[in-house]
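Written out below as structure tokens is the structure these notes cover.
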Amino acid sequence: MRVSVAVPSTLLIAVLLAAGCSAGSPQVAGPSPASAPPPVAPTSEAVPPQGSSGPFGATDIAWLQLTVAMAERLLPVLDLVPARTTDRAWRRLAARVEASHRADLARSHRLLGVSGAPATNPHEGHDMPGMVTEDELATLRSATGKTFHRLLAGHLRAHLSQSVRIAAAAQRGGIHPATTALAAAVVRGGTTELARLDRLDRPPIATPTAGIAAEPADRDAQAA
Amino acid sequence: MDRAAPLSAIRSRLRLASAIGALLALLGTYIVSTTARADAAPGINAIRVAEFPADCTYSHRLPDDPIIFPGLPGASHMHSFFGSTVTNAHTTLPDLVNSPTTCNPRVDVSSYWVPTLYNNNVPVEPTIATFYYLGEGVRADVVAQTQPFPLGLRLVAGNARAAGPGESIARWSCLHAGHVPPSKNFVNCPAGTMLESYLDFPQCWNGRDLDSPDHKSHLAYPVNQACPATHPVHVPKLRQVLRYPVSGDPSRFRLASGPGYTMHGDFFNAWPVEEMSRRVRDCIRPVIKCGHDGRPI
Chain A
1 MRVSVAVPST LLIAVLLAAG CSAGSPQVAG PSPASAPPPV APTSEAVPPQ
51 GSSGPFGATD IAWLQLTVAM AERLLPVLDL VPARTTDRAW RRLAARVEAS
101 HRADLARSHR LLGVSGAPAT NPHEGHDMPG MVTEDELATL RSATGKTFHR
151 LLAGHLRAHL SQSVRIAAAA QRGGIHPATT ALAAAVVRGG TTELARLDRL
201 DRPPIATPTA GIAAEPADRD AQAA
Chain B
1 MDRAAPLSAI RSRLRLASAI GALLALLGTY IVSTTARADA APGINAIRVA
51 EFPADCTYSH RLPDDPIIFP GLPGASHMHS FFGSTVTNAH TTLPDLVNSP
101 TTCNPRVDVS SYWVPTLYNN NVPVEPTIAT FYYLGEGVRA DVVAQTQPFP
151 LGLRLVAGNA RAAGPGESIA RWSCLHAGHV PPSKNFVNCP AGTMLESYLD
201 FPQCWNGRDL DSPDHKSHLA YPVNQACPAT HPVHVPKLRQ VLRYPVSGDP
251 SRFRLASGPG YTMHGDFFNA WPVEEMSRRV RDCIRPVIKC GHDGRPI
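Chains as they are written, first to last, in UniProt numbering: chain A, 1 to 224; chain B, 1 to 297.
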């Protein structure tokens, strides 16, 4: 039973890595995650023979759940792109981001399955930093041309910046090897995608308007 | 001081009652024992409400949540923190113990946090934030067996993901305007009054876990005035009451988590074990209203 699960999992990761633009590090695909689902904090003898997986920490699980929630919020935005713009550069960028996010989503779901934790965090709200709200999605559905490009750029930038930010924290604070490896891949892929986005749409410097930009400023005001 | 005089007057009356009781002892021991017990108790005039409070003013804001998103700074919507002044995404129990606190009493170094309230996108913090520990909502014999919250307990109440009032246990009302009906969403408070939020945490613990995957299910709400068999340990009911210095048109208000019905509260217990045990023993179990010092009012 363990073997029959482990083999397709390894294959799946290899395929997903090949499909996603965030692939790049061989060691990401190397350690095959555990096939036997350990509890959240298993004893060392519960780790399967491969010994490559290890226990999940609270940060690992929280990050996987948040990554799932964020990817699921971005995909409907990306789905709109082919119908709302004919610009090939924007379409290409959206397709790349979508491929990497579908790959990350599949890996996150699988790792959560291994951990035994629920796929979604029952607490996190509807309007988390970096997430597109229902109202914003409705606005996107009726926008075209330059307006659509501008709105799309804002949402992509907010999402990717937040993804990179929390993935970097998960890379440092997580303890599960395959999870921190995925976090590292998200940091690399997200950074690359942000650079591509900046070439298509110069980032705003003086007038940050997105909620994600307002939050740190608010924090600074408090600290002062 | 204004309380000291009536107290001494009552005490002298008690001594008289005690003397009379001693005389009546010739007729029976029951009266004597009752009177003697009342005379010995510090709170003969105690208010018969099982309660002790912590008043914790606003400390700081961060988009962090050490229960929901441990180790992930910036992962959360904006939270307003009360109690311990050190809480951030990386906070664990040892960080809270001995940390500075905004609470009265100072011994309460627990951390409490809620989604930040915005008025026209400007953050507003409660001018009064009270965390009541209560013995109510269950039978008297259950109250009498209340146990303290275990040190390090992490608990979330309310529904940050509520898609409508039907999925929420939040309660909004107006301080000094009782005629405005409470609602699960923001209410329109008359000028000069304050918008207030009530949230009750579950009070039946499974007796085992300091946290759970959804950060809620290690505790449960009572059923038929008692704790269910799955969560047999009765702990104090934590009631969070926040008073915000805003009133009027509620369409200007939002929480960091969304509409008013997404109100929720996070509690990370760091009360010194002895301080909470004493309050449970002296205030909750005997049904006596206590002050911040955990002594009968």
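The beta carbon of each residue, even a glycine, is placed where N, CA and C say it ideally should be.
Does chain B have any CB closer than 9 Å to the CB of residue i?
i, result
"A/L194", "no"
"A/D127", "yes"
"A/V28", "Residue placement at A/V28 is flagged as unreliable, the pLDDT there being 31, under the threshold of 50; a coordinate-derived value is accordingly withheld."
Under the three-state reduction of DSSP, which class applies to residue i: helix, strand or coil?
i, result
"B/Q147", "coil"
"A/R199", "helix"
"B/A226", "strand"
"A/V114", "helix"
"B/L238", "strand"
"B/Y221", "coil"
"B/A129", "strand"
"A/K146", "helix"
"A/R188", "helix"
"B/S251", "helix"
"B/V273", "helix"
"B/E196", "strand"
"B/R243", "strand"
"residue 309 of chain A", "Chain A is shown only over 1 to 224; residue 309 of chain A falls outside these bounds and no answer can be derived."
"A/G57", "coil"
"B/G258", "strand"
"B/S183", "strand"
"B/V142", "helix"
"B/V280", "helix"
"B/P70", "coil"
"A/T179", "helix"
"B/V122", "strand"
"B/S173", "strand"
"B/V97", "coil"
"A/V97", "helix"
Name the chain A residues that come within less than 9 Å of residue i, Cβ to Cβ?
i, result
"B/F267", "Those within 9 Å of B/F267 in chain A number zero; the least Cβ separation is about 13 Å."
"B/F186", "By Cβ distance, chain A contributes nothing, its closest Cβ being about 16 Å from B/F186, past 9 Å."
What does DSSP give as the partner residues of residue i in its beta bridges?
i, result
"B/D266", "B/W113 and B/V156"
"B/C56", "B/C103"
"B/F81", "B/H60 and B/W113"
"B/E51", "B/L134 and B/K289"
"B/P296", "B/C290"
"residue 225 of chain A", "This structure cannot speak to residue 225 of chain A, because chain A is shown only from 1 to 224."
"B/W205", "B/L219 and B/V233"
My assumption, with CB atoms under 8 Å, is that residue i sits in contact with residue j. Please give the rounded CB distance.
i, j, result
"B/P70", "A/A58", "4 Å"
"B/D108", "B/G83", "6 Å"
"A/S161", "A/M70", "About 11 Å separates the two Cβ atoms, so there is no contact after all."
"B/V156", "A/H126", "Wrong, their Cβ atoms sit about 16 Å apart, outside the cutoff."
"B/C79", "B/R61", "For clarity, residue 79 of chain B is His in the given sequence; the question names Cys instead. About 7 Å separates the two Cβ atoms, so the contact holds."
"B/Y244", "B/P165", "With 8 Å as the limit, B/Y244 and B/P165 do not qualify as a contact, their Cβ atoms being about 19 Å apart."
"A/P55", "A/H149", "In fact, because the Cβ distance is near 45 Å, the residues do not count as touching under 8 Å."
"B/H176", "B/P115", "So it is not a contact: roughly 24 Å between Cβ atoms."
"A/S108", "A/L64", "5 Å"
"A/A167", "A/A183", "4 Å"
"B/T85", "B/P100", "5 Å"
"A/L200", "A/A89", "6 Å"
Applying a beta-carbon distance threshold of less than 8 Å, which residues of chain A neighbour residue i?
i, result
"B/L72", "T59, A62, W63, L66, I166, A169, A170 and G173"
"B/T262", "G125 and H126"
For a contact meaning CB atoms closer than 8 Å, what does residue i contact in chain B?
i, result
"A/P118", "P213 and D214"
Tell me, please, whether the CB atom of residue i is closer than 9 Å to any CB atom in chain A?
i, result
"B/G258", "yes"
"B/A54", "no"
"B/R252", "no"
"B/I169", "no"
"B/T102", "no"
"B/F69", "yes"
"B/R208", "no"
"B/A75", "yes"
"B/H292", "no"
"B/A220", "no"
"B/H90", "yes"
"B/A270", "no"
"B/A163", "yes"
"B/P115", "yes"
Find the residues of chain A that neighbour residue i, judging by a C-beta separation of less than 7 Å, and give them in chain order.
i, result
"B/V156", "H123"
"B/A160", "H123, E124 and G125"
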